[in-house]
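Written out below as structure tokens is the structure these notes cover.
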Amino acid sequence: MSDILETRRIPYFPAEIMDIIIDLLHTDKATLSSCTLVSRSWLPRSRLHLFTRVQVFGFQTQFQPFIELLTQANGGPRLDPPISTTIKRLRLDGRDDSVFSSPEPLTTSMLKMLLCNLPNLLDLDVRGVILTWVAPGLSDTGDKVALPDLIHLNSLTLDAFTTASKDPSDFVSSLCFFSSIDVLRISSPLYMDIPEDPAAVAAHPSLLTTMPYFPSHLKISSIAVCDGECTPFILALLQKTASVETINNVDVVCRTRVHADALGSFLDNVGARIQNVSVDIVMLFQAASTLVAYASRTVQTVFLDILLDGSYVDLSRFNSVVQNMATEFIWLQSAIKQKSSRLCIRWNGLQRMVKRIEERVRFEEELCRLVQSHLSKLGADGMLSFASDVEDL
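Residue numbers for the sequence shown follow the numbering used here, beginning at 683 and rising by one.
Dropping the structure here:
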């Protein structure tokens, strides 16, 4: 018996074919991890998919190790290509997994370090942080901080965040890092004093374009604001940036007449570029009519999200409300027809309030019938449609 171990031949596959096979596994993280161990030639393609989307939870323990991983560009073949070049979607959550976790600071130097080391980043999702702006030259460590080259993002999401100043100034200054953002989403700001009154918004120091690091250059194409109290301030901010040249989609919440007036003023100033307006209004059709009247003729579709909760879920109660709003329906119908736009009504909360599918379908059909009876001209001209529960979208 020979002491020489038999060497088995591994079938050879062209690199292009192996890359295609690995590409097909891009959603299977477990298999991709195994592929990195099979052959060094499989490593780059596998890593490309493994680290396309990354999540970092808990800044206190995870942020610094993550930065160290990004900066190990010369760590040998095991880190070739560098992980920093493969990350396209990053979610940062300052909180850890504990129930009572609180937001953690995301400072200027931390944000700068991230952006400088992620050259191919497209989508940034930031949650549970305290935005803390420190002007360059006054960094956390005392070292001079220079702004990185301006970054373009496909999307920036800020959720469940606050600021060190407890007002929007840290948020506004932090936007100066970006040249353009296709979609900016803002929701659930915490413990922040955000002005809503038009006079207070206009006089807020963070909106002075002469302030250092004010993001006058920023170009935003689409804005989604999920909290009504933010609506006046965010719309005022956009009007003081280069976004007035690029904005084409607006999705905001209007809970009061002040919110509606702020959106109306915004559309009056930049409405010529807007293609879609989506407004979440609580049974405030007169305000909706006012907003549509402000909009330019380039608006193609107006989405009206109607919030259903409490007594509104009772059909007889809803019917009574609809009958009492006959005049407001006429205003809304007239405004839509004048713009030659389409109106899409979406029921918000129906799935939550009516659990049984059969009952919910019947209820939705009846709601549509009631509204349709007051918007018959739009229906006849094919300018009226209804969408599923917003919670399903």
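C-beta atoms are modelled at their ideal positions from N, C-alpha and C, and glycine is treated no differently.
> Between which two residues does the alpha helix (DSSP H) harbouring Val1043 extend?
Replying inline: According to the DSSP assignment, Val1043 belongs to the alpha helix (DSSP H) that extends over 1039-1056.
> Based on the DSSP secondary-structure assignment, which residues constitute the bridge partners of Arg1024?
Replying inline: Paired residues: Thr983.
>> If you measure between the beta carbons of Ser960 and Phe985, is that distance less than 7 Å?
In response: A distance below 7 Å separates the beta carbons of Ser960 and Phe985.
> By how many angstroms is the C-alpha of Asp805 removed from the C-alpha of Gly786?
Replying inline: Strictly speaking, residue 786 in this sequence is Glu, with Gly absent from that position. Computed Cα separation, rounded: 21 Å.
> Hey, how far is the Cα of Val738 from the Cα of Leu796?
Replying inline: Distance between the alpha carbons of Val738 and Leu796: 12 Å.
> Based on Cα-Cα distance, which residue from Gln746, Arg1034, Gly1061 lies nearest to Cys1026?
Replying inline: Nearest C-alpha to Cys1026: Gly1061.
> What are the partner residues of Asp805, as DSSP defines its beta bridges?
Replying inline: DSSP output for Asp805 lists Arg771, Ser837 as bridge partner(s).
> Name the DSSP bridge partner or partners of Pro787?
Replying inline: Beta bridge pairing from DSSP links Pro787 with Ile812.
> What's the call for Val1043, buried or exposed, on a 16-neighbour Cβ count within 10 Å?
Replying inline: Around the CB of Val1043, fewer than 16 other CB atoms lie within 10 Å, so the residue is classed as exposed.
> What number of angstroms, rounded off, separates the C-alpha of Ser1113 from the C-alpha of Leu772?
Replying inline: The chain is shown only over 683 to 1075; residue 1113 falls outside these bounds and no answer can be derived.
> Roughly how far, in whole angstroms, is the beta-carbon of Gly810 from the beta-carbon of Ala842, given that I think they are within contact range, below 8 Å?
Replying inline: Cβ-Cβ separation between Gly810 and Ala842: approximately 5 Å, consistent with a contact (criterion under 8 Å).
>> Beta-carbon within less than 6 Å of Leu832's beta-carbon, same chain only, minus the 5 sequence neighbours each way: which residues are those?
In response: Ser861.
>> For a test of the three-state rule: what should DSSP assign to Arg867, helix, strand or coil?
In response: Reduced to three states, the DSSP call for Arg867 is strand.
>> Give me, in chain order, the residues of the same chain whose beta-carbon lies closer than 6 Å to that of Gln957; leave out the 5 immediate sequence neighbours on both sides.
In response: Asn930, Gln982, listed in sequence order.
> In whole angstroms, what separates the C-alpha of Phe733 from that of Ser837?
Replying inline: Their Cα atoms are separated by approximately 18 Å.
> What number of angstroms, rounded off, separates the C-alpha of Tyr873 from the C-alpha of Leu774?
Replying inline: The alpha-carbon atoms of Tyr873 and Leu774 are separated by roughly 20 Å.
>> What does the alpha-carbon distance come out to for the pair Asp1063 and Trp1029?
In response: C-alpha separation (whole angstroms): 22 Å.
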